[in-house]
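Worksheet: the structure to be examined is printed underneath.
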Amino acid sequence: MEILGFSTGLYGWAERYWLEHKKDAPWEELFQSLREAGLDAVELDPLPELVEMAKSFNLSVSGAYVGLQLHEKEIDLEGSIMPVARRLAEAGGRDLLINADPKGGWGVSLPKTDEEFKRQGDHLSRIAAAVSDLGLKISMHNHADDRHNAEGDLRSVIDYASPEVGLCIDTGWAYVAGFDPIEWVRKYHEKIYSFHLRNQNGRVPTEDLMEGDMDFKQLIQALHDVNYNGWLTFELLHSEEVQPRRTMVEDTRHSIEFLRKAIQNH
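Heads up, the sequence shown is in my numbering, so the first residue is 2 and it goes up one at a time.
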């Protein structure tokens, strides 16, 4: 296993800043915090001005995330996907993550039908074909918090999408939906392109990777066994219900040190 480095999504950082300051985080302050935490890269919509600012803090761009109603009959491929994909390729990023947004909207999550899961696979295949010349890896990010939709979203990739489409395993959401992300790693390792890493106490996120119901040493063991070669991207979430005791910088730094030591032991 040779990872590309440690990256992070920005949602959790923005949430923590809002929790403390009740306002949006300034970009420069945000990037400075990422660098202090020891991160190598950031996952974001790589608008040129943000890419340049990230680079000024020695942060590269690992990937970009786009949420879509993949189960619907039509998606706005040219308007919603291709501009982000082109910016990501220009920024030197690798992973384009497509989220299968919930049916009915956020906070509703109606059960999708098998026809809709097949449609998701078809859309993912179209996206992969459309960006094939850009050198990006296309993966579906699991976000469903119930077993039916999480299992169906997984089948959208495994059973219904073209071979080029992979998985971004969000460990937190997989666990909340009733699945063991380590089992996914071992069973679908050829499809795994990227990760969002978060631990959980039941349905409540923990503030770092060491605390919680999942054993991330076992996850690293599984990644070593399947020879994973990609980014390890954090999605820590310090929401109000978590009641964090430390800063996001501290928890991210400790989690990086923990993962690095686990990797070095192999």
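C-beta atoms are modelled at their ideal positions from N, C-alpha and C, and glycine is treated no differently.
Among residues of its own chain, excluding the 5 on either side of residue i, which ones have a beta-carbon nearer than 7 Å to its beta-carbon?
i: Y189; result: I159, L168
i: L238; result: G13, E16, R199, P206
i: I128; result: L78, I82, I99, I139
i: A162; result: G122, L125, S126
i: Y18; result: A26
i: A90; result: L135, G136, L137
i: R254; result: A38, G39
i: R95; result: S63, G64, L137, K138
Give every residue of the same chain whose Cβ lies closer than 6 Å to the Cβ of residue i, excluding the five residues on either side of it in the sequence, and list them in chain order.
i: G10; result: E44, E236
i: L224; result: M2
i: A263; result: K218, I221
i: V166; result: L125, A129, I139, V158
i: R88; result: P47
Please report the distance separating the alpha-carbon of residue i from that of residue j.
i: K104; j: P164; result: 25 Å
i: D46; j: N266; result: 34 Å
i: A131; j: R204; result: 36 Å
i: K56; j: L198; result: 23 Å
i: I30; j: A38; result: The residue you asked about is not Ile; residue 30 is Glu in the sequence shown. If I take the Cα positions, the gap works out to 12 Å.
i: F180; j: P49; result: 38 Å
i: D123; j: H22; result: 43 Å
i: R187; j: A86; result: 29 Å
i: E117; j: K74; result: 8 Å
i: L97; j: W28; result: 22 Å
i: E152; j: F196; result: 17 Å
i: H144; j: E241; result: 20 Å
i: L210; j: G64; result: 21 Å
i: R246; j: D252; result: 9 Å
i: N228; j: L40; result: 22 Å
i: P84; j: E53; result: 18 Å
i: S157; j: D115; result: 9 Å
i: M141; j: T248; result: 30 Å
i: L111; j: L69; result: 15 Å
i: I76; j: F58; result: 35 Å
i: A42; j: T234; result: 9 Å
i: V250; j: T172; result: 20 Å
Skipping 5 residues on each side, what residues in its chain have a beta carbon closer than 8 Å to that of residue i?
i: E212; result: N200, N202
i: L51; result: W28, L45
i: L20; result: H239, S240, E241
Would you say residue i and residue j are within 8 Å of each other, going by their C-beta atoms?
i: V62; j: A92; result: yes
i: L71; j: Q121; result: yes
i: I221; j: I193; result: no
i: N150; j: K113; result: yes
i: L35; j: L60; result: yes
i: W174; j: D146; result: yes
i: F7; j: I183; result: no
i: Y176; j: D214; result: yes
i: A101; j: R148; result: no
Within 10 Å of its beta-carbon, does residue i have 16 or more other beta-carbons around it, so buried, or fewer, so exposed?
i: W232; result: buried
i: Q244; result: exposed
i: A230; result: The amino acid occupying residue 230 in the given sequence is Asn; Ala does not appear at that position. Exposed, since its Cβ has fewer than 16 Cβ neighbours within 10 Å.
i: W185; result: buried
i: G106; result: exposed
i: E191; result: exposed
i: V109; result: exposed
i: E208; result: buried
i: D154; result: buried
i: G80; result: exposed
i: S133; result: exposed
i: L260; result: buried
Within 7 Å: the Cβ of residue i and any heavy atom of the ligand HEM?
i: D134; result: In the structure shown, the ligand HEM is absent, as is every other ligand, since no ligand is present at all.
Checklist entry - Hey, which unbroken runs of the alpha helix (DSSP H) at 4 residues or more fall wholly within the segment 172–256? => result If only complete runs of 4 or more residues are kept, the segment 172–256 shows the alpha helix (DSSP H) at 172–177, 182–188, 217–226, in order along the chain.
Item to check | Completely contained alpha helix (DSSP H) runs for the segment 55–94, where each covers 4 or more residues | outcome: Segments of the alpha helix (DSSP H) lying fully in the segment 55–94: 83–91.
Next on the checklist: For a minimum of 4 consecutive residues, which ranges assigned as the alpha helix (DSSP H) are wholly contained in the segment 112–169?
Outcome noted: Segments of the alpha helix (DSSP H) lying fully in the segment 112–169: 115–131, 148–159.
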